[in-house]
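Protein chains in written order, with my numbering: chain A, 40 to 1004; chain B, 4 to 92.
Glycine included, C-beta positions come from ideal geometry on N, C-alpha and C.
Structure, as C-alpha cells:
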C-alpha cells in the first residue's frame, strides 16, 4: 500500500482486519474502518471520479461527506459517497458519470468544446428551431446525471422512531461535547448527535498532535460515556429542523424524529476551497481533508506538499504532515502570520512565503507543480499535494431553518449567527470561536443556557468568545486568463461562468444561483456558496450582508426515500363481519381506512364473479356489508334545526319513522357528503355518511353545533354499529323469517324506517332503494351482526342468495344512475351539476352553502349525464373500452370526462356517467370519448336511470308519482 | 414537534389536532350581497397577525380556539370553543 502511514494515535481503522473490494475490476486492499476513498487513495489511485460537465479527473476535496466528485455505483445503489461509506469486503463498484471508465472517459471531449458552452447555454441555445428540441433534450439528458437508478428496485423501508430529550446537541466536536456535558450536569436529558461514527470532531483530526489536549480529550470522552443522561447518536445527521425544535435525525437504520426543549447547534464550519486555475486537479484538497486522511485512516495525502493558507490552521496542517513523515516544501501565506503554529513551522525550517499574490496549479492527470507569485516574482514548486486552508463557512442549515439570522463579521471574515430563536443556541466555530480552549468554554456556557431554557430558568449571561483575528480570506479567488478556476466542483461552475452570469444581469444571489447552477449540485453549495457570495459581492460592489445568501432548506443532505417514508403505519379497520367475508373467499379492497369485499371469489374469473353477484341481486336476493358507512346519531331539542342547517334538503318536516336522502355541501356549494337520514323521534335523528367522510362529517357537525350555539348532540356510532343491505325481489320473504315486524307494503312502505328486532336483536330497518330493488338496510349493534348475517344467508339459501361486494354494488348503483360522492363528483361539483336539483331546498331559511347555491342555480356550466356506447368494444379488449377519467373531446376541445363506466350484463351494453359541458347534455346527443389509446369512440347521451326508469322494482306494489329515490 | 398546553386536557402533541379554519362570523344569508358573500367564502387576506382559529382535538372530540401568531407560529391563548360564539358578535 503506497500511501498508507504508520499507525496513527486516534485512527478509525483496525489494521488486524484486512479486506478487499473492487473498483472497475481492480482489487483494492483495505482495512476494516476504511472508507472507499481512503482505501483508493492509500493505493495511490487519486482519480476517483469524473466531473459533471467536462468529465475532468477529480480526487479528494473535503473527505467530510461532501465529495461529490468521488461518487460510486454498486449493483444496488447509485451515488455512493466514497468519502464516508465504509469499504466492505467483496463490494464491487464502478464510477458514475463516465463514458468509458475513470482512466479513459470519452465524455472529457466536452472540455475541448467548452468555449462554445458558456454559462446558461442550454437556456438559450436549444429553444429554436422548436422541432429540434426533443433531440437536444434527449442528448442533454444522456449527458447529464450521475449514478444510474436500478429500475428493477425492490421496496426497502426503514424504521422510523420517535425520541424525546430536553437538550439536543448537534455536532460532537470540542464545543458540542462540552455543551452536552454541561447541560447533563444540570440534570437534563441530552442527545448528542454526530455524523461521524466516532465523536470528537476537529479535536480528533486537527489537534491530534497537541499533547496538552490529551487529558482533556480523555476526560470529555469518559464523562460522556459515563453520564447516564447523555445519549450519543452517531453516524447520524440532522436532515432538517422543523417547528418547535423538532429534528429529523437520519441514521443508517432509519429516521429519528427527535423532539427537544432546547437545541444547541455545534455543527462547526465547512472548509472552503480557494479558487484558482486547475484548483480541481487530483492532489489539490482542503487542508482539513488531508488532516482527516492522516488522523482517521493513516493515509498520506501526498509525498511532497505545498500548503496555501490564510489562517493558523494551515500551519497546524503543515505540522501534522511533518509529524506523519510527509515532506512540506513550502507554506504559501496570503498574509503576514504571527502565531505559535507559524513559529513552530519556521523552527522546523519549512520555507514560508508571505503575502503571495497569485497561485496556479499544473498537471495533466493529477497535480505536478504549483506556480505562485511573491513580490512580483514567479516561483514554481514540483509537488503532488496542494492543501488549501483559506477559510470556513458556517454549517448553519439547522440555524437557518430554525429562523436564525446570520450577519457577516468583518473581524472573523465569516458569517456568524446574529439573532437566534428562543431556545436555539450556537457554539464553537459556527459562532466564530476558533481558539480550542475558548471552544470548550463556549460549549460549556451554551450547554448551561440550553439546560436553563429547558428547565424554564433565567439564562446566565455568556461571554463573547469569537476570534479577534480572521480565519478566512476575504476573497480567496485568483483569476487566470485561461480559466479553469472552479468555484463549484459539483456542477463544474467556473469563475468566468459567474462573471458571465453577473454580466448578463443575473446579479442577485438567487438569480445567479439558478442561472449558473452554483450550489445546485448534490453538495448544495457546501463548498461553493460562500465563494459565490464573495464573488458576487465584489463584482457588484456590495457588502456580503447586502448580497445575502440562499436559504438552506431541508434536507441538509440527500436522504433516502426509504428513510423518509419509513414503515407504512396507518389504521386499517375491519367490520364485525370481516371473518365471514374471509370464509366466503372475499377479495378485499381498501375503502378509506376500511377493508371491504371487492367481490367474492369462485372458480369463475373476476368479471364473471361480479356479474353473478349482480344477477343474484336483480333476480333473487343479495346481501352486502355496509358497516363502513359513517353512522351519526343526532339528538336534542335543536336536532331538527341542526339537520336542516347541515343538509340541503329540509329534514325538520320528515315524519317520525321516515327516511330521506341527505346531501351536504360546503360554503361554496360543492357536494362533500351524502347519506340517508331517518327520524327516530321528534328530537332524535340518525344519519349515515360516506365511508371516507365519517370523521370529517362528524367533526363538522360538532363544530357547527358550537358555532350555531344549538342544543343538540352528535354521537359518532360508526364503529359501534354494523349495517347490511338485503336487496332483491325475494328480500322481503327472507327477512320475514327473522322478524315479527309486518313487512307488508302498507305497514312498511318504501323509504320508511322501523325500529324492531331481527333474530331477537334490536335493529333499525330502512327500506331504501340503494341498488334499485326491493331492499332493506339493517343497522344493529356490531356484536349482533354475525348471527343476523348468517341467519339471512341461511334463510336465503333456497332463493340462491349471494353476498355481493363493492364492485357489484357500484355497477348496480350505476345502472340506477346513483352518484358516488368523490367518484362522480369532483372538488367543484354542486348538486345542480350532479343532476340533483331536487335535493336543494332553497326555500329553507338557512343551510350551509345556501347563498352560493342560490347563485349557482342559474349559472350551471356542466352536468352529469348518462351515456351508452353505440358500438360495443370487441370482447375483453380493454384498449377499446372507455375508462374512468377518459376525456370527452368535441371539436378538438375537452368537453368533459367519464366519471364511471361499466359493462352492464342486465342491459347488455356499456353504460356510464360523464361530466360534460351544457352544450352536450341533450338526450340522444353524440359525444366522443378519447380512449387511453388515443382513439375516439362515439357514445350517446341517454336518460337516467339506465335500469328500471320507473322505479317499479324498488317498490313493486306501489303506484308511482314524482317521488325521489 | 409542537406541543400545546390545552386546558382541560393538558399538554398535547400538535399531531393530535386538526385545523378547522379561521374563526369568523358568517354573514346573514338572507341579506348578504354577492360581494360580501364571495369575500366570506373565498378571500383570506393572509396578513401576518395574531388570529383566532378553530382546532379540533381528535382523541377527545373537542373543538378549541387557538389565538395564534401566524408570523411566529406562537400560540398565545387556548380556550375550549364556546357554544354560540357566532351569536355574540
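Is there a Cβ of chain A sitting closer than 8 Å to that of residue i, yes or no?
i                     : result
residue 48 of chain B : no
residue 59 of chain B : yes
residue 8 of chain B  : no
residue 80 of chain B : no
residue 90 of chain B : Caution applies to residue 90 of chain B, whose pLDDT of 47 falls short of 50 and renders its modelled position unreliable; the model cannot decide the point.
residue 37 of chain B : yes
residue 5 of chain B  : yes
residue 13 of chain B : no
residue 21 of chain B : yes
Thinking C-alpha only, which one of the options is nearest residue i?
i                      : options                    : result
residue 570 of chain A : A:515, A:913, A:106        : A:515
residue 3 of chain B   : A:891, A:700, A:987, A:855 : A query on residue 3 of chain B cannot be resolved here, the shown segment of chain B reaching from 4 to 92 and no further.
residue 809 of chain A : A:849, A:840, A:797        : A:849
residue 50 of chain B  : B:82, B:60, B:75           : B:75
residue 493 of chain A : A:339, A:423, A:464, A:263 : A:464
residue 885 of chain A : A:992, A:941, A:186, A:684 : A:684
residue 255 of chain A : A:436, A:213, A:294        : A:213
residue 557 of chain A : A:158, A:108, A:247        : A:158
residue 53 of chain A  : A:42, A:59, A:73           : A:73
residue 656 of chain A : A:672, A:765, A:637        : A:765
residue 142 of chain A : A:124, A:95, A:716, A:117  : A:95
residue 289 of chain A : A:186, A:87, A:275, A:574  : A:275
residue 342 of chain A : A:350, A:366, A:320        : A:366
So that I know if they touch, is there some Cβ in chain B lying closer than 8 Å to that of residue i?
i                      : result
residue 742 of chain A : yes
residue 885 of chain A : yes
residue 882 of chain A : no
residue 298 of chain A : yes
residue 437 of chain A : no
residue 890 of chain A : yes
residue 462 of chain A : no
residue 255 of chain A : no
residue 900 of chain A : no
residue 444 of chain A : no
residue 894 of chain A : yes
Reducing DSSP to helix, strand and coil, say where residue i ends up.
i                       : result
residue 492 of chain A  : helix
residue 448 of chain A  : strand
residue 998 of chain A  : At residue 998 of chain A the pLDDT is 49, less than 50, meaning the model places this residue with poor confidence and gives no usable figure here.
residue 1003 of chain A : Residue placement at residue 1003 of chain A is flagged as unreliable, the pLDDT there being 42, under the threshold of 50; a coordinate-derived value is accordingly withheld.
residue 476 of chain A  : helix
residue 939 of chain A  : strand
residue 12 of chain B   : coil
residue 989 of chain A  : coil
residue 341 of chain A  : coil
residue 654 of chain A  : helix
residue 738 of chain A  : helix
residue 514 of chain A  : coil
residue 946 of chain A  : coil
If the criterion is Cβ atoms closer than 8 Å, does the pair residue i and residue j meet it?
i                      : j                      : result
residue 55 of chain B  : residue 70 of chain B  : yes
residue 344 of chain A : residue 371 of chain A : no
residue 804 of chain A : residue 792 of chain A : yes
residue 900 of chain A : residue 984 of chain A : no
residue 204 of chain A : residue 233 of chain A : no
residue 864 of chain A : residue 710 of chain A : yes
residue 687 of chain A : residue 704 of chain A : yes
Query raised in the report: Between the segment 724-738 of chain A and chain B, which residues of the former have CB atoms less than 7 Å from a CB of the latter, in chain order?
Result: Flagged, chain order: 738.
Query raised in the report: In the segment 146-173 of chain A, which residues sit with their C-beta less than 7 Å from some C-beta in chain B, listed in chain order?
Result: Of all residues in the segment 146-173 of chain A, none has a Cβ within less than 7 Å of some Cβ in chain B.
Query raised in the report: Residues in the segment 694-718 of chain A with C-beta within 8 Å of chain B's C-beta atoms, listed in sequence order?
Result: Of all residues in the segment 694-718 of chain A, 706, 707 have a Cβ within less than 8 Å of some Cβ in chain B.
Query raised in the report: According to a CB-to-CB cut-off of less than 8 Å, which residues of the segment 65-80 of chain B neighbour chain A?
Result: So the list reads 66, 76, given in the order they occur along the chain.
Query raised in the report: Relative to chain B, which residues along the segment 273-295 of chain A have a C-beta separation below 9 Å, given in chain order?
Result: Of all residues in the segment 273-295 of chain A, only 281, 282, 283, 284, 285 come within less than 9 Å of chain B when Cβ atoms are compared, listed by chain position.
**Report entry** Where the segment 581-603 of chain A meets chain B: residues whose CB sits under 9 Å from a CB there
**Finding:** Residues passing the 9 Å Cβ filter: none.
Query raised in the report: Can you list, in chain order, the residues of the segment 741-760 of chain A whose Cβ is nearer than 9 Å to any Cβ on chain B?
Result: Residues 741, 742, 744, 745, 746, 747, 748, 749, 750, 755.
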